[in-house]
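Right, one structure below, let's go through it.
Residue numbers (this note's numbering), protein chains in the order written: chain E, 57 to 402; chain C, 57 to 402.
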């Protein structure tokens, strides 16, 4: 049985914070990390939520993630900045970098901040959404370990390399896109393999680059990029911007969060666009509202029309009110961690 | 019979220029327009090449495109600028805006220039590639008339909304992505309808939003966006950046180049990123070379592995050397235009 238990958000936050403080994360930083993890869980992106906590702790224990990293802005050239995360938490680097991009955009209309030598930063939309309250558009990209084969080849090199863009609205909910460059996450294929079910054609390719319905063949092969050659090229360019432009590492070298063989060398890129540099912010947001209303009045394929990020927004609202469900096996893992570090169990 | 005739590039350029001068385009501007049209033909993007000349002329004749528009930069806020094209040629606005973005990026590290009240600007990569010779990364988006249904609906509202990103390399060819947000261009479906052939599932949807193999049903319905919900959301955000942020028009209002019912009200967005603000440009380009070499050495699905823009680069090189093939029916149309305006025929 793997039933879920509902937890109050603050209880989960305290738990995360307590564990992070025990592994020498400074309290200010532990709050950023906790906030990002809980944000993922609230929005239903479980894979980037508190379930990741033991993995981060393991990286610290193995000495391949520095919980006390001193992060420095190494380059500042007008509207551009580069933060060296010095192998610290991706969530801390991401928060600082996005805030810096927003500060720059307030002055220059746009701010672009790269991060080098970072780690897995969790959910991309956590950072893009920071721009919303400033009446800015937030854009975030990061790269990840090989999962997609460059178009025309059979071997994975490119990551799923998520892109998140957050656009504020007025009375409507903001539009928050958070997408990877693969048709589906590898987790969905792994789940099909575990449950012995087939996957639809268009999710994965086998080792020879052929479409396959067998999840095990797809796991040995690669993920299908969106739009084929288009998604493959987009993924490569995101890697170039996050890995090469930041001087973090070359395409294919970034390590996934569970790869304990060394520092992850992850790069990210954060942009904030100050709407009022182009158009009065209220007018912009009202126009976005108009477009959302127009789309919502269109003939629907099924029962409801959702904008990007709307399902996640609704889920977060519900979970903030009612509590966050955590599966029993996750609770067990987290409690084992708590016991090792002498903090209160969930 | 619709055979092609090979023309020298300069001869075609002179022809375009001569026609444009006759419809009161200033010579400096006619060269920008001509250059963009020929660039499209050289790269094999026939639909954005000289075949479009009669359509542009028709817009001028109908008074819905101003060949002598006075374009003004209305906003300048640090790294941001907004050009009002005042219903002039998209190619002229695009060239001026991308050059402005490059100039801004030289000072601020990044430049972002919006264009409002513009027209069809031809091939997006023409502008993104202008950044390459400056050791910058170029990014260009524009919006277009309804072709894609917002996810969950059956009615087209979103354009195919192309995105082009150009990344310089050192000894390798630059990476030049130029993609729309639909799986295929509507032209491919139109061609299938003309030739009475089926289209593969995954290209088009019928009026009820169902996948169809019938090109005529797809033409009445909508185009399939890349990655389904992902491409739909990306297309909407590109429209918001090009249409709403520039205050050009609302989503769905922009007119296609052949819609003669009024000004097109097209918006575009141009970004230049100065590589040396982040990393020494030579190091960046050498690292891009390394990644390209790595990919090229991968096991290939078929005979050759091409990077984004490479096939177009090779084709342009060949056509510059050997001449550009123009189909007889296009020649006839262009010659009819030449006759009306008293310029030398092709």
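Glycine is no exception: its CB is placed at the ideal position from the N, C-alpha and C atoms.
Shown here, residue 301 of chain C sits in coil according to DSSP, grouped into three states, outside any helix or strand.
Contact of residue 343 of chain C with chain E by beta-carbon distance below 8 Å involves 300, 306.
If you look at residue 344 of chain E, you'll find it in the alpha helix (DSSP H) that goes 337-352. Note on geometry: alpha-carbon atoms of residue 164 of chain C and residue 154 of chain C lie some 15 Å from one another. Under DSSP, the beta-bridge partners assigned to residue 327 of chain E are E:168, E:195.
Ranked by Cα distance from residue 309 of chain C, the options C:175, C:351, C:346 are led by C:175. Separation of residue 361 of chain E and residue 206 of chain C (C-alpha to C-alpha, rounded to the nearest whole angstrom) is 9 Å. DSSP, reduced to helix, strand and coil, places residue 185 of chain E within a helical segment of the structure shown. Residues of chain C with a Cβ closer than 8 Å to the Cβ of residue 206 of chain E are, in chain order, 351, 354, 361.
Under the three-state reduction of DSSP, residue 113 of chain C is assigned to helix.
Residue nearest to residue 178 of chain E within the set E:253, E:224, E:93 is E:93 (criterion: CA-CA distance). Proximity of residue 159 of chain C to chain E, defined by a Cβ-Cβ separation below 9 Å, is not satisfied.
When 9 Å is used as the limit between beta carbons, residue 328 of chain C is near no residue of chain E, the shortest such separation being about 11 Å. Under the 9 Å criterion on CB atoms, residue 192 of chain E is classed as non-interfacial with respect to chain C. Within the same chain, Cβ atoms closer than 8 Å to the Cβ of residue 273 of chain E are found at 260, 262, 263, the five residues on either side in sequence being excluded.
Per DSSP, residue 263 of chain C is not a residue of any beta strand (DSSP E), being assigned neither H nor E. Pairwise C-beta distances place the segment 120-128 of chain C in contact with the segment 313-325 of chain C, as three or more of them are shorter than 8 Å. Taking a beta-carbon distance threshold of 9 Å, residue 131 of chain C counts as an interface residue toward chain E. Between residue 281 of chain C and residue 238 of chain C the beta-carbon gap is near 6 Å, inside 8 Å, which marks them as a contact. In the DSSP assignment, residue 381 of chain C falls within the beta strand (DSSP E) that extends over 380-383. By the Cβ-count criterion, residue 242 of chain C is buried, with 16 or more other Cβ atoms from all chains shown falling within 10 Å of its own Cβ.
Annotated as proximal: residue 333 of chain C and residue 136 of chain E, with beta-carbon spacing under 9 Å. Minimum Cα-Cα distance from residue 88 of chain C among the listed residues C:290, C:151, C:99 corresponds to C:151. Not a single CB atom of chain C sits nearer than 9 Å to the CB of residue 369 of chain E. For residue 100 of chain E, the closest C-alpha among the options E:218, E:142, E:393, E:381 is that of E:381.
Its chain contains 79 as the residues whose beta carbon lies nearer than 6 Å to that of residue 113 of chain C, once the 5 sequence neighbours on both sides are disregarded; these appear in chain order.
When DSSP states are grouped into helix, strand and coil, residue 63 of chain E belongs to the strand group. Of the other Cβ atoms in all chains shown, 16 or more fall within 10 Å of the Cβ of residue 109 of chain E; this residue is therefore buried. Around the C-beta of residue 384 of chain C, fewer than 16 other C-beta atoms lie within 10 Å, and the residue is accordingly described as exposed. From the beta-carbon of residue 209 of chain C, the residues of chain E found nearer than 7 Å are 351, 354, 355, 356, 357, 361.
Nearest in C-alpha terms to residue 148 of chain E, of all of E:249, E:91, E:117, is E:91. Residue contact check for residue 252 of chain E against chain C: no CB pair falls below 9 Å.
DSSP, reduced to helix, strand and coil, places residue 402 of chain C outside both helices and strands of the structure shown, so it counts as coil. Look at residue 164 of chain C: its C-beta is under 9 Å from a C-beta on chain E. Chain-ordered, the chain C residues with CB closer than 9 Å to the CB of residue 233 of chain E read 286, 289, 290, 292, 293. If you look at residue 320 of chain C, you'll find it isn't in any beta strand (DSSP E); DSSP assigns it neither H nor E.
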